[in-house]
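Chain order of the listed sequences is A and B.
Using the working numbering, you'd call the opening residue of the first sequence number 1 and step up by one each time.
Using the working numbering, you'd call the opening residue of the second sequence number 201 and step up by one each time.
Before any comments, here is the structure.
There are 2 protein chains.
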Amino acid sequence: VSELPECLEQLVRTLTRLPGIGRRSAQRIAFHLARSSPDEVRRVADAVAVLPEKLGPCEVCGNLTDESPCRVCSDPRRDPTLICVVEQPENLAAIERSGSYRGLYHVLGGSISPLRSVGPEDLRMAELGRRLEQGDVREVILATNPTVEGEATALYVARQVVPEDVRVTRPATGLPVGGDLDYIDKSTLSRAFETRHDLR
Amino acid sequence: VSELPECLEQLVRTLTRLPGIGRRSAQRIAFHLARSSPDEVRRVADAVAVLPEKLGPCEVCGNLTDESPCRVCSDPRRDPTLICVVEQPENLAAIERSGSYRGLYHVLGGSISPLRSVGPEDLRMAELGRRLEQGDVREVILATNPTVEGEATALYVARQVVPEDVRVTRPATGLPVGGDLDYIDKSTLSRAFETRHDLR
């Protein structure tokens, strides 16, 4: 039995459902909000509440956006002959932050996972197929996550969705830049050794 | 410049002001909410929004409560001759969780801190004095945090607020139960050695 006032307990339970928030952090946040001014509490609640009415998927690429087509799709400086396929909008955001890519994107909305009963038909595969049929794209970069499910999804896209005459690539797997060998997991390490390259 | 839609960027900034939430976790939470159903988003926003109207300080002890006096103060099974003084409502909640205390509380609302310009007059000191004047209390346990400010606050309460004939105690400082000596900070370790006790 919790000794917290009911509305505080309710908030703690709600926050615990968010990713990366355990009961401990939820309590810290709840007590912090309980101590905050009504104005500040209102700002937090409103910042959350507006999401559903303001955000939706981009009609072209599936990115999360407040205007459709999204900012990337409607930017004339982006290279329309390159499409980078990712699982989720946050993956797109991470690649944008790295500043290493100037083409367009396609957000699948997840990865193929028999365990979670997600099949290709539950993802934005047909939409990708239709974009590729238009014939402007010369390369598809499959940047799904380097996980079993992400690999399976990349393989599916490569084999079933991308036309024969379009190049299909996947970002390299290997040691993270700045990483410490002691802290890198076995699979990454062995993959990095298998795919080692000559220095001279 | 952020590449996120404005309402998402706004939410990330708002979440970053909460304790224990960095930009990284804020983004994860924001994207999670952006993917959640409007109902779920509404539940989160509402759980936050109701706090100011439902919660306030207990008129007796200063605990955060949805009914005043709070549940602890109005519980006839609690020992009214014991008052445990804490800095914040979350400290009270932590002691309640431990189940090791059955007396009453007094929540000061913070600790004395010249650096943050918090003096005794900014805390619930006078209220504590008035409770003690009624003469029923035989012991005051000063459970302010084991920090410089918490110690100073405990000392102030002991010297300036608690009447001469009332016992004043402070929980022991020492090694945490189940802790690993390698991971315990120097001050705690040296304090634990200074206050060591005979085993036989």
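Built from N, CA and C at the ideal position, the CB exists for glycine as well.
This structure is a prediction, so every number in the text was calculated from the model and none was measured.
With 16 as the cutoff for other CB atoms within 10 Å, does residue i come out buried or exposed?
| i | result |
| --- | --- |
| B:Phe231 | buried |
| B:Glu290 | buried |
| B:Pro363 | exposed |
| B:Gln227 | buried |
| A:Glu59 | exposed |
| A:Glu87 | buried |
| A:Ala94 | exposed |
| A:Gly62 | buried |
| A:Tyr183 | exposed |
| B:Leu381 | exposed |
| A:Val148 | exposed |
| B:Glu327 | buried |
| B:Leu315 | exposed |
| A:Ser25 | buried |
Using alpha carbons as the reference points, say which of the options lies closest to residue i.
| i | options | result |
| --- | --- | --- |
| B:Arg396 | B:Ala372, B:Arg235, B:Asn345, B:Ala352 | B:Ala372 |
| B:Arg277 | B:Arg297, B:Leu304, B:Val377 | B:Leu304 |
| B:Gly310 | B:Pro320, B:Tyr301, B:Arg224 | B:Pro320 |
| B:Gly324 | B:Val361, B:Ser225, B:Ala245 | In the sequence as displayed, the identity of residue 324 of chain B is Arg instead of Gly. Minimum Cα distance to B:Arg324 is reached at B:Val361. |
| A:Glu150 | A:Ser25, A:Ile112, A:Gly135, A:Cys84 | The amino acid occupying residue 150 of chain A in the given sequence is Gly; Glu does not appear at that position. Ranking the options by Cα distance to A:Gly150, first place goes to A:Ile112. |
| A:Glu6 | B:Ala245, B:Ser225, B:Leu264, B:Arg242 | B:Leu264 |
| A:Arg43 | B:Arg338, B:Val285, B:Val272, B:Thr216 | B:Thr216 |
| B:Gln252 | A:Ala34, A:Ile29, A:Asp165 | Looking at the sequence itself, residue 252 of chain B is Pro, so the reference to Gln does not match. Ranking A:Ala34, A:Ile29, A:Asp165 by Cα distance to B:Pro252 puts A:Ala34 first. |
| A:Gly174 | A:Lys186, A:Arg13, A:Asp122, A:Val137 | A:Lys186 |
| B:Val450 | B:Tyr356, B:Gly378, B:Gly379, B:Arg338 | Chain B is shown from 201 up to 400; residue 450 of chain B falls before or after that span and cannot be answered. |
| B:Ala245 | A:Thr14, A:Asp122, A:Tyr156 | A:Thr14 |
| A:Val85 | A:Asp75, A:Gly178, A:Tyr156 | A:Tyr156 |
Taking the C-alpha atoms as reference points, what is the distance between residue i and residue j?
| i | j | result |
| --- | --- | --- |
| B:Ser268 | A:Glu3 | 15 Å |
| A:Leu108 | A:Ser117 | 15 Å |
| A:Arg23 | B:Leu218 | 15 Å |
| A:Leu11 | A:Gly56 | 26 Å |
| B:Val340 | B:Arg331 | 11 Å |
| A:Lys54 | B:Arg297 | 41 Å |
| A:Asp66 | B:Ser237 | 16 Å |
| A:Pro146 | A:Ala158 | 15 Å |
| B:Arg302 | A:Glu9 | 21 Å |
| B:Pro280 | B:Gly335 | 11 Å |
| B:Thr388 | B:Ala249 | 40 Å |
| B:Ala343 | B:Asp398 | 25 Å |
| B:Ser300 | B:Pro376 | 15 Å |
| A:His106 | B:Glu240 | 26 Å |
| A:Ala192 | A:Arg170 | 15 Å |
| A:Ser190 | A:Ala154 | 21 Å |
| A:Ala47 | A:Glu194 | 47 Å |
| A:Gly20 | A:Cys70 | 28 Å |
| A:Leu92 | B:Ile283 | 55 Å |
| A:Cys73 | B:Ala352 | 59 Å |
| A:Asp122 | A:Glu133 | 20 Å |
| B:Val368 | A:Ile29 | 32 Å |
| B:Asp275 | B:Gly378 | 33 Å |
| B:Arg400 | B:Gly329 | 41 Å |
Every unbroken alpha helix (DSSP H) inside the region 264–299 of chain B [4 residues or more]: List check, alpha helix (DSSP H) in window: 289–298.
Within 8 Å of chain B by C-beta, residues of the region 107–141 of chain A in sequence order: none
Under 7 Å (Cβ pairs) to chain A, residues found in the region 276–287 of chain B: none
Chain-ordered residues of the region 15–32 of chain A with a beta carbon less than 7 Å from chain B: Leu18, Pro19, Gly20, Ser25, Gln27, Arg28, Ile29, Phe31, His32
Residues within the region 48–61 of chain A neighbouring chain B, beta-carbon criterion of under 9 Å: Val48, Ala49, Val50, Leu51, Pro52, Glu53, Lys54, Leu55
Contained beta strand (DSSP E) runs [length at least 3] in the region 133–182 of chain A, N- to C-terminal order: 139–142, 167–169
Residues in the region 156–179 of chain A having any Cβ partner in chain B nearer than 7 Å: Within the region 156–179 of chain A, no residue has a Cβ that lies closer than 7 Å to any Cβ of chain B.
Start-end ranges of the alpha helix (DSSP H) lying completely within the region 1–70 of chain A, minimum 4 residues: 6–16, 23–35, 38–49, 51–54
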